[in-house]
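Respectively, the protein sequence lines represent chains A and B. Take 1 as the starting number for the first sequence in our numbering and just add one per residue. Take 234 as the starting number for the second sequence in our numbering and just add one per residue. In this text, a Cβ means the ideal position worked out from N, Cα and C, and glycines have one as well. Presented below is the structure to which this report refers.
There are 2 protein chains.
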Amino acid sequence: MKIYSNYTKHFVAVDCIIFGYDILEKEIKLLLSKRMFEPAKGRWSLAGGFVEPKESLDDAAIRILRKLTGLESVYMMQSYSYGETDRDPGDRVISIAYFALIAIRDINKELAEQNGVSWRSLSRLPDLIFDHPIMVRRALTDLQNEIKIRPVGFELLPEKFTLVQLQDLYEAIYQRKVDKRNFRKKILSMGILEKLDEKERETSKKGAYYYKFNEDIYKRLRQNGFYFNLDVN
Amino acid sequence: MKIYSNYTKHFVAVDCIIFGYDILEKEIKLLLSKRMFEPAKGRWSLAGGFVEPKESLDDAAIRILRKLTGLESVYMMQSYSYGETDRDPGDRVISIAYFALIAIRDINKELAEQNGVSWRSLSRLPDLIFDHPIMVRRALTDLQNEIKIRPVGFELLPEKFTLVQLQDLYEAIYQRKVDKRNFRKKILSMGILEKLDEKERETSKKGAYYYKFNEDIYKRLRQNGFYFNLDVN
DNA sequence: AATTTAAATGTAAGGATTACACTTAAAAAA
DNA sequence: TTTTTTAAGTGTAATCCTTACATTTAAATT
Chain A
1 MKIYSNYTKH
11 FVAVDCIIFG
21 YDILEKEIKL
31 LLSKRMFEPA
41 KGRWSLAGGF
51 VEPKESLDDA
61 AIRILRKLTG
71 LESVYMMQSY
81 SYGETDRDPG
91 DRVISIAYFA
101 LIAIRDINKE
111 LAEQNGVSWR
121 SLSRLPDLIF
131 DHPIMVRRAL
141 TDLQNEIKIR
151 PVGFELLPEK
161 FTLVQLQDLY
171 EAIYQRKVDK
181 RNFRKKILSM
191 GILEKLDEKE
201 RETSKKGAYY
211 YKFNEDIYKR
221 LRQNGFYFNL
231 DVN
Chain B
234 MKIYSNYTKH
244 FVAVDCIIFG
254 YDILEKEIKL
264 LLSKRMFEPA
274 KGRWSLAGGF
284 VEPKESLDDA
294 AIRILRKLTG
304 LESVYMMQSY
314 SYGETDRDPG
324 DRVISIAYFA
334 LIAIRDINKE
344 LAEQNGVSWR
354 SLSRLPDLIF
364 DHPIMVRRAL
374 TDLQNEIKIR
384 PVGFELLPEK
394 FTLVQLQDLY
404 EAIYQRKVDK
414 RNFRKKILSM
424 GILEKLDEKE
434 RETSKKGAYY
444 YKFNEDIYKR
454 LRQNGFYFNL
464 DVN
């Protein structure tokens, strides 16, 4: 069909802001890649790619993420679309940004290496190409809003985590300190964490109990009108 | 430049969910248009159009809105991007949805007529083409979130409005009743409304005082860290 | 003067948020 | 074996915010 043939077509890309959390350095990191083609070849860039003829935007984002990390089912959502005509000096490209949350340990190291990608701390990012810094800022805001109202922080942690680690994660995302007792009170009162009979013993003599997120309980609560809300202070 | 020439280009459209508020019927309305070309010619559709070579997405949204309404500066923001390959039966079209808030009285009637557009109540919309119903639902959610944290409801009202009218607007957007005393307490306590020495006398014998939104005060407050928040019950 | 109609108003109870500092467990050192 | 060190774990009171709820007031009409 050639119904719309009077109109102009555009390159459409998907760029992924891939968040990871470094549990040891207590820092949010982004998975960045060295751009392998012109323009701006060799500079740091978000993971991106052009949308193909027979794939949806979501599918494009999934494909791009899988290519770089080997991961299949990742928490991902659309962030914002960027369409300034001069945002890419190579040509006019409209880009749909997605953000993804992945546990750093999960990525396929060889795959990452052969794609020239690496984890870079959010607080000292290299210069990024084009409008990617703006994309990152907006995605971080999206993430801050999201972890307040949905239990997605766990995507960034190993299955077993301590409350201290969970709190550190929130502090890293909000980029400020939060009160320990209030944080614990709130998260535990939701009843979606399961305390394990096992302690993490690397970081303290006393050891901190591991917990894990119980998705079944969360789903049950949701059906009864419960809303996750971790308004942190 | 032909740097990206291996990749496929796509049609990219912008669709606008244009919200208006009917102060008499106390209903949210959408400005819809009869589609004037195939496919789905003659059916109801959101205001849309293809993104042109030299305009940004925001500019496309502004152009589309102006063409239909004659309005230049309208509160508008990006909602979400839709990219299912089969969403438009005419061809593969990626669409960026925007939502706009306009005061119904403001639109240019002749322009609207000659474009075949009309206001339709949100609660009894006609069948819309493609994925436009989904776009509308999401945009309504966006609007509900937005009027909670930003003073954008006033965009939908005349410059002078009564507190009853403002409350009716919130009830229309949230699609539920809210408590009158609490609503007034909250909105007035922000100090961003200016009470006028004039009453609206159409709807009651007693008459209700007009207020107007004082943007200067709001901006001043914002700079001092104030956040608009109208969490309505 | 009485009636009607919608606007305008206040308060008390309950719940959530915040601020804040000491105790405990366990390993390491003395 | 005792003491020290380190980080984990815990509770309460004050304040603020939210919610629920019913009567009075102003003005036109009868």
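Assuming residue i contacts residue j (C-beta within less than 8 Å), just tell me the rounded distance between them.
{"i": "residue 35(A)", "j": "residue 127(A)", "result": "With 8 Å as the limit, residue 35(A) and residue 127(A) do not qualify as a contact, their Cβ atoms being about 12 Å apart."}
{"i": "residue 7(A)", "j": "residue 323(B)", "result": "The Cβ separation is near 11 Å, so there is no contact."}
{"i": "residue 312(B)", "j": "residue 250(B)", "result": "7 Å"}
{"i": "residue 425(B)", "j": "residue 384(B)", "result": "6 Å"}
{"i": "residue 198(A)", "j": "residue 212(A)", "result": "The Cβ separation is near 10 Å, so there is no contact."}
{"i": "residue 143(A)", "j": "residue 173(A)", "result": "6 Å"}
{"i": "residue 125(A)", "j": "residue 30(A)", "result": "7 Å"}
{"i": "residue 45(A)", "j": "residue 96(A)", "result": "So it is not a contact: roughly 15 Å between Cβ atoms."}
Could you list which residues in chain B have their beta carbon closer than 7 Å to that of residue i, in chain order?
{"i": "residue 78(A)", "result": "313, 314"}
Please check if any C-beta of chain B sits within less than 9 Å of the C-beta of residue i.
{"i": "residue 48(A)", "result": "no"}
{"i": "residue 84(A)", "result": "yes"}
{"i": "residue 90(A)", "result": "yes"}
{"i": "residue 58(A)", "result": "yes"}
According to the Cβ coordinates, are residue i and residue j closer than 9 Å?
{"i": "residue 136(A)", "j": "residue 61(A)", "result": "no"}
{"i": "residue 98(A)", "j": "residue 290(B)", "result": "no"}
{"i": "residue 40(A)", "j": "residue 64(A)", "result": "no"}
{"i": "residue 335(B)", "j": "residue 252(B)", "result": "yes"}
{"i": "residue 320(B)", "j": "residue 364(B)", "result": "yes"}
{"i": "residue 301(B)", "j": "residue 348(B)", "result": "yes"}
{"i": "residue 74(A)", "j": "residue 155(A)", "result": "yes"}
{"i": "residue 25(A)", "j": "residue 121(A)", "result": "yes"}
{"i": "residue 210(A)", "j": "residue 230(A)", "result": "no"}
{"i": "residue 367(B)", "j": "residue 399(B)", "result": "no"}
{"i": "residue 244(B)", "j": "residue 350(B)", "result": "no"}
{"i": "residue 242(B)", "j": "residue 180(A)", "result": "no"}
{"i": "residue 184(A)", "j": "residue 169(A)", "result": "no"}
{"i": "residue 318(B)", "j": "residue 206(A)", "result": "no"}
{"i": "residue 461(B)", "j": "residue 423(B)", "result": "yes"}
List, in chain order, every chain A residue whose beta-carbon is nearer than 9 Å to that of residue i.
{"i": "residue 241(B)", "result": "9, 11, 12, 50, 51, 52, 53"}
{"i": "residue 329(B)", "result": "81, 83, 94, 96"}
Give the interface partners of residue i over in chain A, defined as CB-CB distance under 7 Å, in chain order.
{"i": "residue 271(B)", "result": "3"}
Can you check whether the C-beta of residue i is within less than 9 Å of a C-beta belonging to chain A?
{"i": "residue 278(B)", "result": "no"}
Go through the stretch 351-408 of chain B residue by residue and report every complete run of the alpha helix (DSSP H) that reaches 4 residues or more, in order.
-> Runs of alpha helix (DSSP H) with 4 or more residues, each lying fully within the stretch 351-408 of chain B, are found at 365-382, 396-407, listed in chain order.
What alpha helix (DSSP H) runs, 4 residues minimum, are completely inside the stretch 273-320 of chain B?
-> As for any alpha helix (DSSP H) of minimum length 4 sitting wholly inside the stretch 273-320 of chain B, the runs are 290-302, ordered along the chain.
Just list the beta strand (DSSP E) runs in the stretch 408-449 of chain B, keeping only unbroken ones of 3 residues or longer that don't cross its boundaries, in chain order.
-> As far as the stretch 408-449 of chain B is concerned, its whole beta strand (DSSP E) runs of at least 3 residues are 426-433, 441-446.
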